[in-house]
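The structure under discussion appears below in the form of structure tokens.
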Amino acid sequence: GAFIENFTIVNAQPGEIYVLLITNFSGLPGFIQLQQTNAGGANAGATDCSIVNTTNLCEGDIMSLDATTNNAVIYEWAKDGVLLPAETGPMLNNVMAPSATYTAIAYDNVGNILIDFEFIVVFHSVPIAFQANDMLQCDDNNDGFFSFDLTTQNAQILGGQIAIQFNITYHTSQGDADLGINGLLSPYTNTSNAQTIFARIENNDNIDCFDTTSFLIEVFDNPTANQPLDFVLCDNMDDADDTNGIVTFDLTSKAPEVLGTQLTTDFEVKFYYTQADADAAIIGTEITTPIQNTNNPQPIFARIENRLNTSCYDTTTFNLVVNPLPVVTAIVELTQCDNDTDGFTDFNLTEANTLISNNAANEIFTYYLTDAQAQIGLLADQITNFINYTNPIALNSIVYARIETNNGCFRTSRIDLVVGATLIPTAFNLTYEVCDDKLIDNNNTNGIATFDFSNATAQVEALFPVGQSLTITYYTNEADALAETNAIADISNHRNDVSPNTQNIYIRVDSDVVNACLGLGSHITLIVNPLPIVNPIADYVLCSDTNEAVFDLFTKDQEVIGIQTDPIIVSYHLSEQDAISNIPIATAAAYTNFSNPQTIYVRAQFDKNGNGLVDADDCVNTDMTFELVVNLNPTVFTPETIRVCSNQIDTLYDLTIREDQITGGDASIILTYFESQLDIDTNNPIADPTMYTNTLLDRDILVLATGTNLCTSTIVLPLKTILYANLNVAPTAIEECEVDNNGFDFFDITRREIEILNGLSPTDFTFTYYEDETDAIIGNTNIITNIFSFENTQINTQTIYVRVLPVANECFVVVPLTLIVNPVPEIAIEDQYVICLDNNQAVINPVADTFLSVPPINTQLSETEYTFQWYNGTESEVNTNPNSVIITGATGPSFSPTIAGDYTVIATNIATGCRIPASTIVVGSYPPESISVELLSTAFSNNNILEVTVVGIGEYEFRLDFEPWQSSNIFEQVTGGEHTIYVRDLLNCNEISEIQIVIDYPRYFTPNDDGYHDTWNIQGIATQPNSTIYIFDRYGKLLKQLSPLSLGWDGTFNGHKLPSSDYWFTVEYIEPSDGILKIFKAHFSLKR
1 GAFIENFTIV NAQPGEIYVL LITNFSGLPG FIQLQQTNAG GANAGATDCS IVNTTNLCEG
61 DIMSLDATTN NAVIYEWAKD GVLLPAETGP MLNNVMAPSA TYTAIAYDNV GNILIDFEFI
121 VVFHSVPIAF QANDMLQCDD NNDGFFSFDL TTQNAQILGG QIAIQFNITY HTSQGDADLG
181 INGLLSPYTN TSNAQTIFAR IENNDNIDCF DTTSFLIEVF DNPTANQPLD FVLCDNMDDA
241 DDTNGIVTFD LTSKAPEVLG TQLTTDFEVK FYYTQADADA AIIGTEITTP IQNTNNPQPI
301 FARIENRLNT SCYDTTTFNL VVNPLPVVTA IVELTQCDND TDGFTDFNLT EANTLISNNA
361 ANEIFTYYLT DAQAQIGLLA DQITNFINYT NPIALNSIVY ARIETNNGCF RTSRIDLVVG
421 ATLIPTAFNL TYEVCDDKLI DNNNTNGIAT FDFSNATAQV EALFPVGQSL TITYYTNEAD
481 ALAETNAIAD ISNHRNDVSP NTQNIYIRVD SDVVNACLGL GSHITLIVNP LPIVNPIADY
541 VLCSDTNEAV FDLFTKDQEV IGIQTDPIIV SYHLSEQDAI SNIPIATAAA YTNFSNPQTI
601 YVRAQFDKNG NGLVDADDCV NTDMTFELVV NLNPTVFTPE TIRVCSNQID TLYDLTIRED
661 QITGGDASII LTYFESQLDI DTNNPIADPT MYTNTLLDRD ILVLATGTNL CTSTIVLPLK
721 TILYANLNVA PTAIEECEVD NNGFDFFDIT RREIEILNGL SPTDFTFTYY EDETDAIIGN
781 TNIITNIFSF ENTQINTQTI YVRVLPVANE CFVVVPLTLI VNPVPEIAIE DQYVICLDNN
841 QAVINPVADT FLSVPPINTQ LSETEYTFQW YNGTESEVNT NPNSVIITGA TGPSFSPTIA
901 GDYTVIATNI ATGCRIPAST IVVGSYPPES ISVELLSTAF SNNNILEVTV VGIGEYEFRL
961 DFEPWQSSNI FEQVTGGEHT IYVRDLLNCN EISEIQIVID YPRYFTPNDD GYHDTWNIQG
1021 IATQPNSTIY IFDRYGKLLK QLSPLSLGWD GTFNGHKLPS SDYWFTVEYI EPSDGILKIF
1081 KAHFSLKR
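Residue numbers (UniProt numbering): 1 to 1088.
Okay, structure coming up:
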């Protein structure tokens, strides 16, 4: 019968383990069962009544087993059923790995068994914490912190150890790691830089078996490679050839552009010939010295890297560009005939342009006095009046032209300026006078005489600069002079036979250097003089600010001479006697009266020989007088300049707006306006001064003020026309492509400043921006302030106004500028697609419904509205180097990829030019080809384990029956019976299955006819129909013999339902793993 003992644990504490010592006095085998009898009672608590006889240790531990028993004299020890004959005492010492089951039997002095012990000693392996590399990370925002995935260190710390057997935790101190407390969550953000992390690896079966290691986590700033401008130079003589497009570049000058505001102490810039070299940064591949380009243009790749961690870097690129020099003629010559006699004349230096260069129309010419100045090309040194440039040295001068291409590359040429001076001034006239005589023809009234004008040649030569080679000849008529025939043979003995009284002689001057230069005209007059006659002379009246005035008495000469044509010397005297004695007023050309009025006496004298002396043959008359009279001038004041802004030089002025300033408010003064003194002299006034068109940028208008006495004063009225700058007043609209389609977007409204300037310098103008045109014209403070990120306030299209004000003057221009927001649709493609692939990387059709969409990738956009280009890369890669990832021919709205990877499509709106990018990832998945399932454990194992082997190259998930899918190919704690194992690739291209049978027994059954667990039988043994199964009660009574093929035991004996209790069974079976016949014993529960 059963022995039942009751005991009570007083003040039992939750979580504590209590050891119960039971002595088997009978020495017979049997079963021990513990059961809580007060379960469910008040304050009863609960226990699983487990019997523990297992000791868990770590490999390397050493322990002793104690089987000390009262009255025992000898002990028998066994290890895994193997007798240890040398061990006969109560203690078994130096117990160490491997794990084993130890038994000890205690005998009394007559050999009776007092008790037997079973010790299950399990030694668990102590893991090794392998040293992991430090985690060095380039910062993504340069704040010194980063989120580290510490679990990426697991593989290094594990080394080759089995991952499922060990657990790895991370800690901020060695103490926490040793105690296994305060583990860090991953990802983990560092709290200092650098920071030490401590890793603990422990055995899952015994967490006291552990090891630790440590490593650093450190964050480094990541630099930004700023885009430098292309390095552009003109061809030069670095390589002794300035025409081959090869020059020397010092790349270090580009480093500051790449650095931007980043510090050289933190970052270093290096240069490479290729992107691959820049990315690899292998020592010796960088460019360290100035180089000569080998191509034109030639790309150069710049790498900026953190000096503390060169893995933190960025790259950019720029081109080396060599622009050619212009092709020119080194020396050219411009010749010009002088327009007077001084050897100086105006040259249009631009006439030399086509002589210098065949490409002059596309080049910029500037001109300088020296070659050194031309080489430097300073604006201050330029000859500004190159259209009408006067040679600085008479007859022969040199200037230099600087010829620049559109790229700013230049050469210089010398221009020789050669002047031919032959033009006889109009004002140059020689007059030879003699009195009529009777020496030849005995007639002194016929106007014929003999002349000697041989001194004329020296006087003509004296008109021109020294150093010319000239030929001078004389003629009696123009036709002979032009034809160079019938020249006067003897100019020292010439008679005016063919022209009584007066004869004109023509002078011809030829340049022997500049053949085209010719001087010709009637410049010698031969006169036979009669006696002068007396003519009436009007009083000489002048206006002045006082009673004195300056009189040019010679202006009376014509009145004195009257209609007489012979030369007469006229002189003016203070008295009649002075006139007779020929004592003239010395300042007759600018004589100031000493009384008002004052009488002046006139002397008229023929001056036949032009010597100004009273010769014996001259005729003199002193009977003429006239009065000097002075009237007062009106008072005038200097006016302010009239300034007008205009689009053109010809500008309308109202000259009368300064009238009160000029007259000082005196209404009696009449103002008349003239363009020049000549107009005043010729009385040619401006017809309508209120509507005067000024044709010059700067002009001085002469204002004639006339008083009531008709006396006048003259004052200058300055006019200044300021031309509006030659701006582009119709700039191109600024268009933005938006993505949210609300009709609003942000604009950098300064983007059209260069276009508006139309080639003018930005430093000469200021720009302000307005939403209202009136505000822009007024120039008030209602300006747009956020000019680099202005958001339009009118949907889709808005016109704003740019006020452009020159720095040098007040003449602003208001330019309308249109802002346009172009909407764009979204491209409706998935974030990911899957293609199913076989082992040869060929695309195959999926068997099942895949978890991701299957291509084609369709943009859902119309080909009539958009153009398309597909790329095998990310959007960033497309933006960086599109040609490296372009898919040739992939220009449709959809695309079917055949390989996995990143794909990007750029759709361009045909109407607006807006580019719409969209990217997706195409994932390849390899379905399983076949599977096999292996039972790793023996029958009736406490942990039935199945392992699945897959034929295929993909990643797979596994499922047992209808349990959740898992990534591991091993199933543990599998229940007995028939199971279906399923395998699929991660994206479900296909799923295959296999059936596996596991032999085990149910731990309980509930025969209450509810259809669940109503019978009990060995699971999975139906494949062994010859197996035998016996069921016993706890006292060893046979209750049932089962067939493996039967429905099982229903919990009855001889038709009676047995009570809830534990029942025992034995089974004879063939072990599937090795084919050996075995017997297995265990117990199960019947619950009602």
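For each residue, glycine too, the CB sits at the ideal point set by N, CA and C.
- When only Cα atoms are considered, phenylalanine 267 and valine 802 end up about 42 Å apart.
- According to DSSP, residue pairing for lysine 1078 in a beta bridge involves Tyr1069.
- Residue state for arginine 658 is assigned as helix, using DSSP reduced to three classes.
- Its chain contains Lys720 as the residues whose beta carbon lies nearer than 6 Å to that of aspartate 698, once the 5 sequence neighbours on both sides are disregarded; these appear in chain order.
- One thing to note: proline 1044 has its Cβ within 8 Å of the Cβ of glutamine 1024.
- When rounded, the separation of the alpha-carbon atoms in proline 928 and alanine 842 is 15 Å.
- In the three-state scheme derived from DSSP, where H, G and I count as helix and E and B as strand, glutamine 558 is classed as helix.
- Look at glutamate 333 here: in three-state DSSP terms it is strand.
- In this structure, proline 297 lies away from valine 258, with their beta-carbon atoms at least 8 Å apart.
- Contact between proline 823 and glutamate 738 holds: their C-beta atoms lie close to 6 Å from each other, under 8 Å.
- The Cβ atoms of leucine 57 and phenylalanine 123 sit closer than 8 Å to each other.
- Excluding residues up to 5 positions away in sequence, Gly743, Phe744 lie with their Cβ nearer than 7 Å to the Cβ of isoleucine 795 in the same chain.
- For asparagine 295, there is no enclosing alpha helix (DSSP H), as DSSP marks it with neither H nor E.
- In the DSSP assignment, isoleucine 778 falls outside any beta strand (DSSP E) and within the unbroken alpha helix (DSSP H) covering 773-778.
- Apart from the 5 residues on each side of it in sequence, glycine 612 sits with its Cβ closer than 7 Å to the Cβ of Ile569 in its chain, given in chain order.
- Under a 10 Å Cβ-count criterion, tyrosine 313 is classified as buried, with 16 or more other Cβ atoms of the shown protein chains found around its own Cβ.
- Looking at the DSSP output, asparagine 486 bridges to nothing.
- Taking a contact to require three or more Cβ pairs closer than 8 Å, the segment 505-514 and the segment 536-546 do not qualify as touching.
- Here phenylalanine 347 has Leu334, Gln336, Tyr389, Asn391, Leu417 as same chain residues with Cβ atoms under 7 Å from its own Cβ, once five neighbours each way along the sequence are excluded.
- A Cβ-Cβ separation of about 36 Å leaves leucine 817 out of contact with proline 893 under the 8 Å criterion.
- The beta-bridge partner set that DSSP reports for cysteine 836 consists of Ile844, Ser925.
- The alpha carbon of threonine 599 has as its nearest neighbour, out of Ile1021, Phe551, Glu934, the alpha carbon of Phe551.
- Between the segment 755-765 and the segment 682-699, the count of Cβ pairs shorter than 8 Å is below three; the stretches do not touch.
- Taking the Cβ atoms as the reference, phenylalanine 119 lies roughly 7 Å from threonine 55, within the contact range of under 8 Å.
- By the Cβ-count criterion, glutamate 640 is exposed, with fewer than 16 other Cβ atoms from all chains shown falling within 10 Å of its own Cβ.
- In this structure leucine 723 is not in contact with threonine 714, their Cβ atoms being roughly 29 Å apart against a cut-off of 8 Å.
- Serine 884 is classed as exposed because its beta carbon has fewer than 16 other beta carbons within 10 Å across all chains shown.
- Isoleucine 168 sits close to isoleucine 157, with the two beta carbons spaced by under 8 Å.
- Straight-line measurement puts the Cα of isoleucine 1031 at about 12 Å from the Cα of aspartate 1050.
- The beta carbons of aspartate 764 and alanine 808 sit about 7 Å from each other, so the pair counts as a contact at 8 Å.
- Contact annotation, leucine 251 with phenylalanine 220: C-beta distance approximately 25 Å; criterion of less than 8 Å not satisfied.
- Per DSSP, the beta-bridge partners of valine 814 are Arg803.
- Going by beta carbons, phenylalanine 962 and isoleucine 945 fall outside the 8 Å limit.
- Under the rule that a run must span 3 or more residues, the beta strand (DSSP E) segments found entirely inside the segment 992-1067 read 1028-1032, 1038-1042.
- Residue environment for asparagine 943: exposed (fewer than 16 other C-beta atoms within 10 angstroms of its C-beta).
- For isoleucine 105, the CB contacts under 6 Å within the same chain, skipping 5 residues up- and downstream, are Glu76, Ile113, Asp116 in chain order.
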